Amino acid sequence: MGEDYGSGQSVTARDLVEALRPLAGRPLTVRINSHGGSVADGLAIYNALRAHKAPVTAVVEGLAASIASMIAMAAGHVRMAENAHLMIHAPWHSLSGNATAFEAAAQNLRRWADSMAGAYARGRFTREQAGALLADGENHWFTAAEALAAGLIDEIVEPQLLAARLSVPARFTPPSYGDCTMPENQSQHSPSGDEAVRAAVLRAESERRQEVRAVFSRFEQHEGIPALRDAAVDDHAVTVAVARERLLTHLGAQAQPIAGGAVVSYEYDSPVMDRDLLEAASDGLLMRGGLKVLNASPMARSLQHRTLADIAELALSRRGISARGMDRAGLIKAAMTGSDFPLLLSNTAGKSLRQTYAEEAGTHAIWTGEIEVANFKQQTRVAIGEAPALDEVPEAGEYTSGHRTEAAENYAIKTFGRAMGITRQALINDDLGALVGQPAAFARSARRLEADLVYGRLQSAATMNDGLPLFHADHGNLAASGAALSLDSLAAARAAMRRQKGLDADGLEQHIDPAPRYLIVPVSLETKAEQLLSSLVTPTTASDASTSWMRALTVVADPRLDEISITAWYLGADPRRVDGIARVYLAGQERPYLEEDSEFIRDVLSIKCRLDYGVAALDWRGLYRNPGA
5 MGEDYGSGQS
15 VTARDLVEAL
25 RPLAGRPLTV
35 RINSHGGSVA
45 DGLAIYNALR
55 AHKAPVTAVV
65 EGLAASIASM
75 IAMAAGHVRM
85 AENAHLMIHA
95 PWHSLSGNAT
105 AFEAAAQNLR
115 RWADSMAGAY
125 ARGRFTREQA
135 GALLADGENH
145 WFTAAEALAA
155 GLIDEIVEPQ
165 LLAARLSVPA
175 RFTPPSYGDC
185 TMPENQSQHS
195 PSGDEAVRAA
205 VLRAESERRQ
215 EVRAVFSRFE
225 QHEGIPALRD
235 AAVDDHAVTV
245 AVARERLLTH
255 LGAQAQPIAG
265 GAVVSYEYDS
275 PVMDRDLLEA
285 ASDGLLMRGG
295 LKVLNASPMA
305 RSLQHRTLAD
315 IAELALSRRG
325 ISARGMDRAG
335 LIKAAMTGSD
345 FPLLLSNTAG
355 KSLRQTYAEE
365 AGTHAIWTGE
375 IEVANFKQQT
385 RVAIGEAPAL
395 DEVPEAGEYT
405 SGHRTEAAEN
415 YAIKTFGRAM
425 GITRQALIND
435 DLGALVGQPA
445 AFARSARRLE
455 ADLVYGRLQS
465 AATMNDGLPL
475 FHADHGNLAA
485 SGAALSLDSL
495 AAARAAMRRQ
505 KGLDADGLEQ
515 HIDPAPRYLI
525 VPVSLETKAE
535 QLLSSLVTPT
545 TASDASTSWM
555 RALTVVADPR
565 LDEISITAWY
575 LGADPRRVDG
585 IARVYLAGQE
595 RPYLEEDSEF
605 IRDVLSIKCR
615 LDYGVAALDW
625 RGLYRNPGA
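Taken in order, the sequence shown gives residues 5 to 633; the numbers are from our numbering.
This is the structure we're talking about:
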């Protein structure tokens, strides 16, 4: 860059400003493959790009070194080829003169470096970090991965062939000026070797463009050929052989087979799509689908804006399968049969399901216990009585044996589930609703099912093993008459719960003191319950001692309770201390479980969501009900 760099092939700020005028208001893509050049021209080009009134994207195709790396920072979005390089160093100046001239030049160089530091500051890469790189006199090289990690670029893209043809490191050896008292011995850095390389590269590129145009010249009357030709000419990664392949693929797609259609499949079992890439692509799709992904990797963020077709092409390339010339439909079909793409889709749907399930805990999980069973058979939960009381043992006396009484409640789990299909059309249309949104909806449905069964059992009249319903006067957990929620009615319920006794042990019932931990109410009583529990003192006393136990309660409100009664309320003990109602799951299974299968007859990836679940009322002593008033 600048008038003094190169043999007529440099870009000056004046050139760029003139080129930008007819493009005012239009998005720009700035492709960079440069050793650098004049700092003054570079800053002017940077400012011109920053002033452009439309989005600017920079693509580092091979090399962005010296001032060229700063120009890339002018773009709102910076991409970099996977095998490209970016280099940052302090500005240089060639000078002959006395000490005063050298001191003035040093001061000017520091001013240039300060201006450049502000330009490099973007995202996570701070002005201070840039200033350090511009002050130590070293050449700081970044690969694409290193630049992405540092925050200098936003995305890594497919590598370009042109970058490999350039000689890079020798360009950035500072010129030796010899002894300052002998200006005639100073040697100027000559770019002639690099200019020869660049001239050869540009000459080869010109020849490639002409040859590619010739490939398409006889078929330009066919539909789609002009656009295909222009894309091949502008992509310097497309060789003549690749251009012929694209042409034949396009012409073949428009022809009808003579002997009818045939499906050719093959197996390729090399695990080339590594786990990190699979997870990153999955996380990128989840983020684009609107889910929050914690600790997402830089690779996931670089893939976040890729379409499903882009990721399908990536999966194919990892299998060594070229997607050149394929349209979106053909690409999706090839990826579904010849890559890890179906595994990626399943992994993404599974993550959406599990993450949403974990976030949608529901009120029912707060006050209920959880147990697992090995199968779907009728289960029996044995409630063991309290340990027998300790008897007095006289001196040299004999210790007597005691026993514990047992009671049992029966229950079982059932299977609940639904299926969905991710169609070929949804994948071609880049529809993330089917891939991310539908599994999330399944997860919320599973949580609703759990809550429906829990609150249904809480309000059910189904009998326990003793032939009585869960709430009954003989169980000591049902108020004799309904009372509105108040300090007095809560105190009475608390006392009734704490008077509960364990099973007979040697004919003696012992107090188990299941202190209430949860106040469970319909949403009609939620506000009143919160007001009551947040009271610092009772209305009739100046002391808060009588209500401190109430403030330790946790209010649980659910609209399912309103469907049966808007006045009834409940107390529940800590399920870790006393069994009440428990949620029952099949041991060893994910909750919910996701299973997928590709259908041959239909272009559908079927996904099945399953939940093996049940609810058990295990012990009435951990719950209390007041019908309310």
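Just so it is clear, CB atoms sit at the ideal spot from N, CA and C, and this is done for glycine as well.
Quick caveat, the model's predicted, so the values are computed rather than measured.
| Asked | Found |
| --- | --- |
| Three-state class that DSSP yields for Asp19 in the structure shown | helix |
| For Asn414, three-class secondary structure by DSSP | strand |
| Short Cβ contact (9 Å threshold) for Leu290 with Val297 | yes |
| Coarse secondary structure for Glu162, derived from DSSP in three states | coil |
| Residue from Ser493, Ala17, Pro346 and Thr571 whose Cα sits closest to the Cα of Val527 | Thr571 |
| Span of the beta strand (DSSP E), counted from its first residue to its last, around Tyr522 | Pro520 to Val525 |
| Residue span of the beta strand (DSSP E) that contains Thr61, given as start and end | Val60 to Ala69 |
| Residues near Cys184 in its chain [Cβ-Cβ closer than 6 Å; skip 5 each side] | Its pLDDT being 36, under 50, Cys184 is placed unreliably by the model, and the measurement read from it follows with that caveat. So the list is empty, once near-sequence residues are dropped. |
| Unbroken alpha helix (DSSP H) run spanning Leu462, endpoints | Gln442 to Leu462 |
| Alpha-carbon to alpha-carbon, His97 and Gly41 | 11 Å |
| Beta-carbon proximity list for Ala530, same chain, < 8 Å, skipping 5 on both sides | Ala is not the amino acid found at residue 530; the sequence shown has Glu there. Around Glu530: Val559 and Ala561. |
| Ala496 versus Asp344, Glu65, Leu575 and Glu209, residue with shortest Cα-Cα distance | Leu575 |
| Span of the alpha helix (DSSP H) around Val244 | Val244 to Ala257 |
| Nearest residue (CA-CA) to Ala488, options Asp158, Gly366, Pro631 and Ile336 | Pro631 |
| Beta-carbon proximity of Leu557 to Leu598, cut-off 9 Å | no |
| C-beta atoms of Asp623 and Tyr589 nearer than 9 Å | no |
| Length at least 4, wholly inside the segment 311–344: the alpha helix (DSSP H) runs in chain order | 312–322 and 332–342 |
| Whole-angstrom distance between Asp140 and Ala48, CA atom to CA atom | 25 Å |
| Start and end residues, alpha helix (DSSP H) containing Asp287 | Arg279 to Arg292 |
| Host alpha helix (DSSP H) of Leu53 (start-end) | Val43 to Arg54 |
| Cβ contact (3+ pairs, closer than 8 Å) linking the segment 431–451 and the segment 340–358 | yes |
| Beta-carbon contacts of Ala17 that lie in its chain and below 6 Å, excluding the five residues immediately before and after | Asp45, Ala48 and Ile49 |
| Distance, Glu227 Cα to Thr360 Cα | 47 Å |
| Residue range of the alpha helix (DSSP H) that includes Ala1 | Residue 1 lies beyond the stretch modelled for the chain, which goes from 5 to 633, so this question has no answer here. |
| Residue nearest to Tyr628 in terms of C-alpha spacing, selected from Gln593, His476, Thr551 and Ser538 | His476 |
| Classification of Phe380 by the beta-carbon crowding that lies within 10 angstroms, buried from 16 upward | exposed |
| Classification of Thr419 by the beta-carbon crowding that lies within 10 angstroms, buried from 16 upward | exposed |
| Thr367 classed as buried or exposed, judged by whether at least 16 other C-beta atoms fall within 10 angstroms | buried |
| The segment 136–151 / the segment 81–93 touching (three or more Cβ pairs under 8 Å) | yes |
| Per DSSP, the bridge partner or partners of Gly373 | Ala586 |
| Exposure of Glu567, with buried meaning 16 or more beta-carbon neighbours within 10 Å | exposed |
| Separation of Gln535 from Ile4, as counted between CA atoms | Since the first residue of the chain shown is 5 and the last is 633, residue 4 is not available in this structure. |
| Whether Ile36 touches Val64 by CB criterion (9 Å) | yes |
| Start and end residues, beta strand (DSSP E) containing Asp687 | Residue 687 falls outside the range modelled here, since the chain spans only 5 to 633, and no answer is possible. |
| CB of Ala483 within 9 Å of CB of Ser493, strictly | yes |
| Spatially closest choice to His309 from Phe345, Glu317, Gly425 and Gly288, by CA coordinates | Gly288 |
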